[in-house]
Amino acid sequence: FEIGKQTGRVTPFIKPWIENAGHPLIQSAVQHLQEVTGQAPRKIIGCPTANENVIANWGVPTVTLPPEAEGEHSANERTRLSYVDNVMVPWILAMAKSDNDHVNWIRQE
Numbered sequence: 027f028e029i030g031k032q033t034g035r036v037t038p039f040i041k042p043w044i045e046n047a048g049h050p051l052i053q054s055a056v057q058h059l060q061e062v063t064g065q066a067p068r069k070i071i072g073c074p075t076a077n078e079n080v081i082a083n084w085g086v087p088t089v090t091l092p093p094e095a096e097g098e099h100s101a102n103e104r105t106r107l108s109y110v111d112n113v114m115v116p117w118i119l120a121m122a123k124s125d126n127d128h129v130n131w132i133r134q135e
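Anchor point for the sequence shown: position 82 equals 108 in this note's numbering, and the numbering is continuous, going up by one each time.
This is the structure in structure tokens:
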């Protein structure tokens, strides 16, 4: 297994976005995350260059819940599976079961 650095790759600028804290999707996300963790979620400003920027800039309401990780984008990158199992998966399932119309698209009936 070998990790090599890509040369000549330039990450394109992707316009940042901010969601309205009163949007039903945001309210649902905050509510369910608080139910899963027992505490109010931290709201932070990030600078991702991933799909969420593109989707949000299409006008699709977007929420991200990044994993707890260390060494992001390095050879030693790792994610805490306990966080995935105990927070991320229950949160996604709670959102999928939500009556909120903004999350109905993730239901699989």
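Backbone N, C-alpha and C fix where the C-beta goes; we use that ideal spot for every residue, glycine too. Computed from a predicted structure; not experimentally measured.
Next on the checklist: Considering Cα atoms alone, identify which of L59, S100, S54 is closest to N112.
Outcome noted: L59
Checklist entry - Taking the DSSP output, what are the residues bridged to E96? => result Beta-bridge pairing links E96 to R104.
Checklist entry - What is the DSSP secondary structure of L119, reduced to helix, strand or coil? => result helix
Checklist entry - Under a three-way DSSP split, which group does T88 fall into? => result coil
Next on the checklist: On the DSSP letters alone, give me the boundaries of the alpha helix (DSSP H) that E45 sits inside.
Outcome noted: Taken as a continuous stretch (DSSP letters only), E45 belongs to no alpha helix (DSSP H), as it is neither H nor E.
Item to check | Rounded straight-line distance, which links the Cα of P42 to that of A76 | outcome: 11 Å
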